[in-house]
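The block underneath contains the structure these notes are about, expressed in structure tokens.
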Amino acid sequence: MQLKLLSKFFILPSAVLLLASNASGETQFQPAEIYSIGSRAEAVTVADLNNDGLDDVAIITSQAFDPDNDFQLKVFLQNQAGQLQDAVNYPLSSETESLPKSLAVGDINSDGRKDVAIGFAGEKIEIFLQAEDGSLIAGETYPSSYATNIAIGDLKGDGVNEIVGVSKTSDGVESIRQAPQPFGQVRSLSFVMGHESALLTLGDVNRDYIDDIVMLSEQPLSTKLAVMESNPFSSQIAYYDFGSKVQANGISTGDINGDGFDDVVVSLGDSATGAGLAVFFQDSERKLQIPVFFSTQNNPGPILTTLLQDKESARVLMLPKEGFSLTTYGDFIQDLEASKYEINIPVGNYSNPQSIATGDINSDGAVDIVIANPQQGLITLKGSLAVLNQPPQAIAGGDQSVGGGSLVVLDGSQSSDPDGNIVAYHWKQLSGAPVSLMDSGDGVVNFIAPAEQKGIVQELVFELEVEDDHGIVSTDQSTVRVGTNLAPVIVVENIGTIKAGQSVRLDASESFDMDGEIVSARWAQLSGDPVELMQLERGVATFTVPVFGGPLGLLKGYVFEVEVEDNGGQKSKRTIAFIAEGLKAPIVVPGEPQEVKPGKLVQLDGRESYDSDGKIVSYNWSASGLEINNNPDGTASFIAPEIAADTQRVIMVTLSVKDDDGYTGVGFLAIRIVGNSSPKAQIVTPLNVKQNSLVTLDGSNSIDEDGTIISYQWQQVGGPEVSLENASAAITTFIAPNKSDEEYTSLAFQLTVTDDQGDINRSIIMLLVE
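Numbers -25 to -1, 1 to 745, taken from mature numbering (1 follows the signal peptide of the UniProt record, and there is no 0), label the letters of the sequence shown in order.
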């Protein structure tokens, strides 16, 4: 059964459907088709999901309060006639705290068939394995907090695919692979600071023919592109700096400059760099270069690189973050804006990075585009390879420079038509001093050049229009320059290394023109952190270097260009570059670790801290649960807290130091509090005594290792009662009682000693009366 088409989006002018020049074999796109799926579309992909060699479409839904269509994996199989069939629904887990947000396809269990993985943001990954009959069977569910954005690829080059994922809330990248025998899973986790966008893609960006993981990483001062090369869990991570913190909406890899190597493209919006695309080109050293930024008119959302028919470089397909047109870009080397095409699509909010995919969903050999529109469902843009009448090629001849009053010939006779004949030529003047064109036939005209004007080159622009035998026309232009004009000479002072926050003066006021006068001179920034450039008169501009820095300071490069124009329209350009040195955070010296007793005054001294490029303006000592008395000069004190005897406690005290640039340094000091050592009660006395004899109990050998014993106390705790003499002295005596009728009579005594910290210790001794 053929998939029921909800509607077609016909308002698009056909001229913007063409993604290439009007030549045979180029990819064109039909008007957008909309297929309702009954719920909110989240992510879409194209793959062979029943092992018949044809591309199928898979899309996942979240929740729109439609029980029949919420939480579904919908698979639209392509039949042999190139038609998508009604969706086969595979229910997802609806008893969940999160929504399905990510969709990946690949051979997970190494059986040669494509399987499906669905990531529930921050919770789990559900697996659907493809059976021998081409159907999907619900497999294992992997609990995982790294499921916001998942992908499947061979990350080790061993032919075994892995599921990799990242999270919006947790740092790191998780990898899951199925162990062949016994059936199970092997997990790996590699640490890399994450990014709130949770963008992840795979691609070979180091030219080892193995998938690399490419993602965004939020660093303290800027956003970086993190590349986990080849085996990503060997801690081999390369970082590439955007130069500032950015908000990213999409990421993709592909060869967009036709050199045969994958590049990385990131779509940016509402950030310091403005709306546009950041491209990391792969260089000959198998490394990514610093990003090149391309501005876009629309705020970009999800992106995808795809190779269209018979092209050496991939195009970038860009969905809007919110809007109704898909934009494609093709020439990132010569003229990006000229290569741009827009295709009208139903309006939508495209926030999921997996909202777009490509494949051949009607088996006509052309690339098709599928889109997950959250509000309206599945959108298809079907490509086709059209054989068109090729237009004639108008050749107006090269530009010319002539003297005043000379005869000028415009020759268009080299124009041609690749699939027919040229039947008409027509020349006309577009601009410049008017001249009379004399037709010589076969596309050739001539005229007399106007008189020269000193120091000014007059430009006369002419257009040749040719028409072929199918009524198709094309045009070309030729420019004739009359007279000469020397380019202005630019004189600029070089700028050495300067400090962050410093004002800079760019001065080209000494520039001059040999045969005229300078009418304008304007500065523009080419690279470096964006600055507010104030243009003054006579080629002077000023700006203030943004404040930046860190613990060890940083260096940043800036490049500016001045363009000078003379009264004849001649322009000269020159660039100037300099290095800005970042501000350094203060160095914190908190002093040596200390060991103190409870209740003692602890002195802290941070006055050895210093700031290499300024001065310290404030100190602050702090520790959890302690009241510290801070002084303005960096000293401080506190009373060591009480702790139990014979115990120790380490307190980590923090010193925060701020300098006059607003940067803060932090240091730590360990204070060890050693509790009082308890005294040791020791008794010396004979163990056997005679009845009615004088017995001495001697506790004078009792000791206190970290103080003195201040009191002794003897107490009889067993046997017939006796009278102790000087029971509160170190030594006491008593008269042994008469022995009872038993063979032995026992007596027991306890000595309690107290030290100068109030801690006590007891010892008991037993005597036998013979």
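Glycine is no exception: its CB is placed at the ideal position from the N, C-alpha and C atoms.
None of these values were measured; they are calculated from a predicted model.
1) Do residue 457 and residue 421 have their CB atoms nearer than 8 Å?
2) I'd like to confirm the pairing. Which residues does DSSP put opposite residue 591 in its beta bridges?
3) With which residues is residue 755 paired in a DSSP beta bridge?
4) With a CB to CB cut of under 8 Å and the five nearest residues on each side skipped, what residues in its chain are close to residue 665?
5) Look up residue 71 in the DSSP assignment and say whether it is helix, strand or coil.
6) Taking the alpha-carbon positions, what's the residue 463 to residue 226 distance?
7) Beta strand (DSSP E) containing residue 445: first to last residue?
8) Please go through the same chain and pick out, in chain order, the residues whose beta-carbon is closer than 6 Å to the beta-carbon of residue 598, but skip the five residues on each side of it.
9) Taking the beta carbon of residue 399 as the centre, do at least 16 other beta carbons fall within 10 Å, making it buried, or is it exposed?
10) Buried or exposed, going by whether 16 or more other CB atoms sit within 10 Å of the CB of residue -2?
11) Contact between the stretch 169 to 177 and the stretch 137 to 151: three or more CB pairs below 8 Å?
12) In this structure, what does DSSP give as the bridge partners for residue 80?
13) Quick check on the DSSP output: the beta strand (DSSP E) that includes residue 683 runs from which residue to which?
14) Using DSSP with H/G/I as helix, E/B as strand and the rest coil, what is residue 469?
15) May I ask you to report which of helix, strand or coil DSSP gives residue 5?
16) Drop a sphere of 10 angstroms on the beta-carbon of residue 701, count the other beta-carbons inside from all chains shown, and report buried for 16 or more, exposed for fewer.
17) Cα separation between residue -12 and residue 300?
18) Output the boundary residues of the beta strand (DSSP E) element that contains residue 420.
19) Could you check if residue 450 is buried or exposed, using at least 16 other CB atoms within 10 Å of its CB as the buried criterion?
20) Per DSSP, residue 493 is paired with what?
21) Just how far apart, CA to CA, sit residue 616 and residue 79?
22) Determine the extent of the beta strand (DSSP E) in which residue 290 is found, giving its start and end residues.
23) Could you check what DSSP says for residue 642 in three-state terms: helix, strand or coil?
24) From the DSSP output, in three-state form, read off residue 673 for me.
25) Check whether the Cβ atoms of residue 379 and residue 427 sit closer than 8 Å, and answer yes or no.
26) Figure out for me which residue from 429, 86, 486 has the closest Cα to the Cα of residue 459.
27) Judging by CA-CA distance, which residue of 683, 36, 59, 83 is the nearest neighbour of residue 753?
28) For the 8 Å Cβ check, are there 3 or more pairs between the stretch 541 to 549 and the stretch 509 to 529?
29) To the nearest angstrom, how far is it from the Cα of residue 93 to the Cα of residue 558?
30) Given that a residue counts as buried once 16 or more other Cβ atoms are within 10 Å of its Cβ, and exposed if not, what is residue 684?
31) Which residue's Cα is closest to the Cα of residue 88: 244, 107, 74, 634?
32) For residue 566 versus residue 580, is the C-beta spacing smaller than 8 Å?
33) Taking its Cβ as the centre, do 16 or more other Cβ atoms sit within 10 Å of residue 276, making it buried, or is it exposed?
34) State yes or no: is the C-beta of residue 128 within less than 8 Å of the C-beta of residue 169?
35) So, with DSSP's three-state summary, where would you put residue 66?
36) Could you tell me the alpha carbon to alpha carbon distance between residue 397 and residue 452, rounded to whole angstroms?
Quick look at the numbers:
1) no
2) 634
3) Outside the modelled stretch of the chain, which goes from -25 to 745, sits residue 755, for which no answer is possible.
4) 711, 744, 745
5) coil
6) 44 Å
7) No beta strand (DSSP E) holds residue 445; DSSP gives it neither H nor E.
8) Only 626, 628 meet the Cβ criterion.
9) exposed
10) Interpretation of residue -2 is limited by its pLDDT of 39, a score under 50 that renders its predicted location unreliable; no figure is taken from the coordinates.
11) yes
12) 91
13) Taken as a continuous stretch (DSSP letters only), residue 683 belongs to no beta strand (DSSP E), as it is neither H nor E.
14) coil
15) coil
16) exposed
17) In this prediction, residue -12 has a pLDDT of 30, which is less than 50 and means its spatial position is unreliable; nothing more can be read from the coordinates.
18) 419 to 423
19) exposed
20) 541
21) 58 Å
22) 290 to 295
23) In this structure, residue 642 counts as strand in the three-state DSSP scheme.
24) strand
25) yes
26) 429
27) Given a span of -25 to 745 for the chain in the structure shown, any question on residue 753 remains unanswerable.
28) They do not touch, by the three-pair rule.
29) 47 Å
30) The residue is buried, with at least 16 neighbouring Cβ atoms inside 10 Å.
31) 107
32) Going by beta carbons, residue 566 and residue 580 fall inside the 8 Å limit.
33) buried
34) no
35) strand
36) 17 Å
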